[in-house]
Structure formats: structure tokens, C-alpha cells
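To start, the structure under review is shown below, and the notes come after it.
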Amino acid sequence: MKTTLVSLLILVLGASSASAGVKVVTSTTDLASITRLVGGELVEVTSLAAGNADPHFVEVLPSYMIKVKKAKLYLRAGLDLDRWALPIIDGSRNASLLVVDCSASIAPVNRPTGKVDASMGDVHPQGNPHYWLDPDNGLIIAATIADALARVDPEHADAYQAGLERFRTELEVHRTAWLQKAKPLEHMEIVTYHDTWPYFCRAFGVDVIGFIEPWPGIEPTPSHTASLIELIKTRGVKIIGLEPYKSRRTPEAIERATGAEIVELPPSVGGAPGADDYFSLFDVLIDRLLEGAE
């Protein structure tokens, strides 16, 4: 009887271990969502950055190093967005960890030319890092992730390829619906707090004509704010796009001075109610812009 119980326990524990997915840690919730959509039940995914927090700044914590220590794969956003990930990866001392930069096959926009220095603010020399906000780039990211999963879990390579094809089909269905729904947004002019949206604007035809930050990462000055207020009044801008982790003080002052409406725009999965995965993130963004334009 005792032997039977021990054998049964071994079988249960073995099955539990086999059923546990490949442990993946990602820098952002967007990469985590795409990983889940591609990998399904074969993956167990943790994002270090929260969806409603600024992905440029994440505290380096020992608990994060422990998570990475247990992982087989780390997915970075790259383009200097998640420089904070490097000490976490190094501190994990996980010699077998595969680290993949999901921006590797992306064509970045707004790459600065000439010399870059501190007076220009938090400029990204390799280009704007918010590339996941163009659905076309979402497919590139998914392909990179499927390849990475196959490398750490070759036994299920065919399943990851099937997951990629499933993602491709679902993305195309959503993309067709998004483009149709977003037609009223084409050539609509808005201002935003940070230069978060060039990829989204390229995909859906929205024009960002000004930023509350005078330079990326630099707090707004009175003179810059005054110029922006004049621009909003002159151009009849209706929307002030605000990332959920940015201060509302200056946007609210601009709202009072111009009549333009603050519209909170989440750049990442989990950044607002309803933005529960990569696909629904775009639903929320388009719906909020359409409501703000009314």
C-alpha cells in the first residue's frame, strides 16, 4: 500500500511538472500578452513592468532577480526602453537564460541624427521604443517570440509556430475592424504628454502636433506650456492625450485654458480597464479617441 502511494505521488508530481509551462519573464505587459497569445498553455509568463506604470523606469528588486533566475527566457523591449532590465538579468545569475531583444527585427522611427546629449532630454539614440503600438509590428514581435520559445522548448516548436499563425489570423481580423472603426481619426490633430505614439499614429492616421514635455522626460516649463496653449487654440485641437502614469497638473491647466479634453490613453496592456490583452488594448485606444473627438 505504501509503495502504491509513493508511486502515485511520483506520478502526480511528474505530471504537475510536465504540465507547468515554460517560465518566461518579460519587461512589459505587451510582450507578456503576445507571449501568452502565441504560447497558450505551454508558457507561464511574468511581466516586470506594470501596465499602468512608466516602462522607462522600473525599480531593480531582488524579487525580480529571483523570478528571472527561475526562467528559461527573458524578453526585452529594447531600444533603451528597459535599460533597467540589464542589472536584473545580471543579478539573477541564470547562466542558461536566453535573453531576446524583441525590437531586433523592428524598423524604428524617429531615430535622432547628429550628436545626442543630456540637453535633449531622455532621447533614445536607436529610435522611438514604443513600437508595439503599430499592429504590423505586433506580428513581427510575435514571430520573434515564437522563434525564441522554440529555441528554449524545441519539443513544442510546431505548437509555437501554430500559435504564431493563429495570432496572425486573429490580428488581421482585428486590424481590418480597427482600420474601419478608426476612419474618423484620420488626420485628426492631438497633443500628448510624451512622444509615445508615433507608431500608433502611423497605423491609424492620427497627427500629434505637440507635446506637453518640451523634451522627452523633461518637465513642462511655463513658456513651453504657453506656446502649446496658443497652438491648441489656433489649430482647434480637441484632445490632450495623457499616459496614465504622467502628472495631470499641466494637462489640467491646458484643459482649462483651451477647452480641449484630457483623454487618458494607456500605451500598454493592463493600463486601463478593458485593455486586458494586446488586441483589446487597441479597442480601448480607438474608442477613447473617438469619444474625445465627439
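1429 is the number of the first residue of the sequence shown in my numbering; add one for each residue after it. Even for Gly, the Cβ is constructed at its ideal location relative to N, Cα and C. Note that the structure is predicted; figures quoted are calculated from it, not measured.
Per DSSP, residue 1593 forms a beta bridge with which residues?
-> BP columns for residue 1593 are empty, so no partner.
Length of the line joining the Cα atoms of residue 1666 and residue 1684 | 12 Å
So which of 1708, 1707, 1713 and 1664 has the shortest CA-CA distance to residue 1671?
-> Closest in alpha carbon position to residue 1671, among 1708, 1707, 1713 and 1664, is 1713.
To which residues of the same chain is residue 1678 closer than 7 Å at the C-beta, ignoring the five residues directly before and after it?
-> 1640, 1648 and 1653
Got a sec? Which residues, its chain only, sit under 7 Å from residue 1420 by beta carbon, not counting five neighbours each side?
-> Any question about residue 1420 goes unanswered here, given that the chain covers just 1429 to 1722.
For the region 1494-1510 and the region 1551-1570, state whether three or more C-beta atom pairs, one from each stretch, are separated by less than 8 Å.
-> yes
Rounded distance between the beta-carbons of residue 1466 and residue 1452, thought under 8 Å = Residue 1452 to residue 1466, Cβ: 10 Å. No contact.
Go through its chain and collect everything with a Cβ distance to residue 1617's Cβ below 6 Å, but skip five positions before and after it.
-> 1635, 1637, 1663 and 1665
To which residues does DSSP link residue 1521 through a beta bridge?
-> Paired residue(s): none; residue 1521 is not in a bridge.
Would you mind working out which of 1682, 1673 and 1632 sits nearest residue 1651, comparing C-alpha positions?
-> 1682
Any 3 or more C-beta pairs closer than 8 Å across the region 1609-1627 and the region 1696-1706 | With the rule of 3 Cβ pairs closer than 8 Å, the region 1609-1627 does not count as touching the region 1696-1706.
Using DSSP with H/G/I as helix, E/B as strand and the rest coil, what is residue 1670?
-> strand
Where residue 1628 falls: helix, strand or coil (DSSP) = helix
Do residue 1470 and residue 1581 have their C-beta atoms within less than 8 Å of each other?
-> yes
Name the two residues that bound the continuous alpha helix (DSSP H) containing residue 1474.
-> It is not in any alpha helix (DSSP H) - residue 1474 instead sits in the beta strand (DSSP E) that spans 1471-1475.
By DSSP, does residue 1541 sit in helix, in strand, or in coil?
-> Coil.
When the Cα atoms are used, what is the spatial distance from residue 1676 to residue 1480?
-> If I take the Cα positions, the gap works out to 15 Å.
Would you mind reading off the limits of the beta strand (DSSP E) that contains residue 1451?
-> 1450-1454
Which value, in whole angstroms, describes the spacing of the CA atoms of residue 1642 and residue 1607?
-> 31 Å
In its own chain, which residues sit with a C-beta less than 8 Å from the C-beta of residue 1632, not counting the 5 before and 5 after it?
-> So the list reads 1606, 1607, 1610, 1613, 1614 and 1714, once near-sequence residues are dropped.
If you follow the beta strand (DSSP E) that residue 1636 is part of, which residue opens it and which one closes it?
-> 1635-1639
For the region 1568-1578 and the region 1518-1538, state whether three or more C-beta atom pairs, one from each stretch, are separated by less than 8 Å.
-> yes
Taking only the alpha-carbon atoms, compute the straight-line gap between residue 1689 and residue 1718 and give it to the nearest angstrom.
-> 12 Å
If you compare alpha carbons, which of 1673, 1696 and 1482 is closest to residue 1462?
-> 1696
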